[in-house]
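Trainee: Chains as they are written, first to last, in the working numbering: chain A, 183 to 257; chain B, 441 to 670. Here you go, one structure.
Written out as structure tokens, the structure is:
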């Protein structure tokens with residue numbers, strides 16, 4: 183049940199999504215991945231992908247134009 | 441674990457974060473910019489009503505593009521990269537709607553015996569189209585956006601794409617500089633196709649909708665297949 187932070191600040195689409203996909207594959211069930219992004223495009227495609235995979239997803243805008251996406255690996 | 445338990449676990453640390461970086465209220469700035477945009481539109485209207493219309497259409501287009509996170513790059517990139525075709529389908533729907541609009545405008549002019557508007561944009565297709573499309577595709581995936589997407593993200597303040605925009609301008613200027621040579625040697629050799637000339641007005645409409653519809657169904661099937669593979 184660990185939390186892993188993935189820093190994707192300054193990365194343009196689609197890099198955050200690819201990094202997230204690769205990181206998620208290495209996590210075990212129950213872990214939470216926190217993806218830090220500042221690219222609005224990743225705000226759309228990362229949660230969309232994670233929800234389609236069936237993971238729990240939460241988005242928080244932590245500062246102006248900076249978001250953290252919480253993805254819980256449920257399976 | 442349910443979503444509620446994530447919420448309770450996350451919220452304390454978000455609260456700490458928001459204390460560290462208090463978000464400014466952007467509404468006064470937004471109203472100010474909106475007012476400036478309206479005033480500028482009124483100023484443009486004194487020069488030419490067309491300029492004013494273009495300004496308003498541009499502002500609306502940018503707003504919708506940003507809010508909808510519409511991205512032409514993602515529409516052709518994501519099916520391969522992530523298997524998601526939601527944007528591909530959105531673009532196809534947009535094509536279908538514009539097809540109706542353009543046909544209505546062009547057919548209307550044709551019926552009245554007026555010159556059909558926009559015929560100057562029918563350009564020859566040749567191998568140059570294929571090569572150019574491939575190069576543009578590679579470029580837009582690397583730089584993270586096509587022309588409209590790059591402009592929109594520069595507006596959002598994403599610094600990496602200011603670099604993209606700079607070199608987009610450099611490349612466009614270079615292209616414009618040499619365009620005459622490409623035009624005479626490669627581009628103008630291809631045939632010009634205007635679908636209503638080939639299939640008739642109704643036929644062209646049917647052919648275009650068949651192509652869009654087929655692509656839409658393929659996109660939908662592709663997404664389902666990709667999801668099952670994972």
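Where is the CB? At the ideal position from N, CA and C, for every residue including glycine. Note that the structure is predicted; figures quoted are calculated from it, not measured.
Please report the residue range of the alpha helix (DSSP H) in which residue 565 of chain B lies.
Mentor: Unbroken run through residue 565 of chain B: none, as it is neither H nor E.
Trainee: Rounded to whole angstroms, what's the CA-CA distance from residue 623 of chain B to residue 602 of chain B? Just pull it up for me.
Mentor: Their backbone Cα atoms lie some 30 Å apart in a straight line.
Trainee: Cα-Cα, which of B:536, B:669, B:579 and B:661 is closest to residue 647 of chain B?
Mentor: Closest in C-alpha terms to residue 647 of chain B, from the list B:536, B:669, B:579 and B:661, comes B:536.
Trainee: Assign residue 227 of chain A to one of two classes, buried (16 or more other C-beta atoms within 10 Å of its C-beta) or exposed (fewer than that).
Mentor: buried
Trainee: Measure the CB-CB distance between residue 588 of chain B and residue 493 of chain B and report whether it falls below 7 Å.
Mentor: no
Trainee: Taking three-plus beta-carbon pairs below 8 Å as touching, is the segment 571–584 of chain B in contact with the segment 509–519 of chain B?
Mentor: yes
Trainee: Answer with buried or exposed for residue 467 of chain B, where buried requires no fewer than 16 other C-beta atoms within 10 angstroms of its C-beta.
Mentor: exposed
Trainee: Within the same chain, show all residues whose beta-carbon is closer than 8 Å to that of residue 557 of chain B, passing over the 5 residues directly before and after it, in chain order.
Mentor: Cβ-Cβ distances below 8 Å link residue 557 of chain B to 545, 546 and 549 in the same chain, with the five nearest sequence neighbours on each side left out; the list follows chain order.
Trainee: Restricting to Cα atoms, I'd like to know which of B:518, B:571, B:501 and B:509 is closest to residue 667 of chain B.
Mentor: B:518
Trainee: Identify whether residue 248 of chain A lies in helix, strand or coil by the three-state DSSP scheme.
Mentor: Correct three-state label for residue 248 of chain A: strand.
Trainee: Kindly identify the DSSP beta-bridge partner or partners of residue 186 of chain A.
Mentor: A:215
Trainee: Looking only at C-alpha atoms, which of A:238, A:223, A:237 and A:251 sits nearest to residue 598 of chain B?
Mentor: A:223
Trainee: Could you name the residues of chain A that residue 522 of chain B contacts, counting a contact when the two beta carbons are closer than 8 Å?
Mentor: Going along chain A in sequence order, the residues near residue 522 of chain B (Cβ under 8 Å) are 196, 199, 203, 227 and 231.
Trainee: Answer yes if the segment 653–666 of chain B comes into contact with the segment 522–533 of chain B, meaning at least three C-beta pairs across the two stretches below 8 Å, and no otherwise.
Mentor: A contact exists between the segment 522–533 of chain B and the segment 653–666 of chain B.
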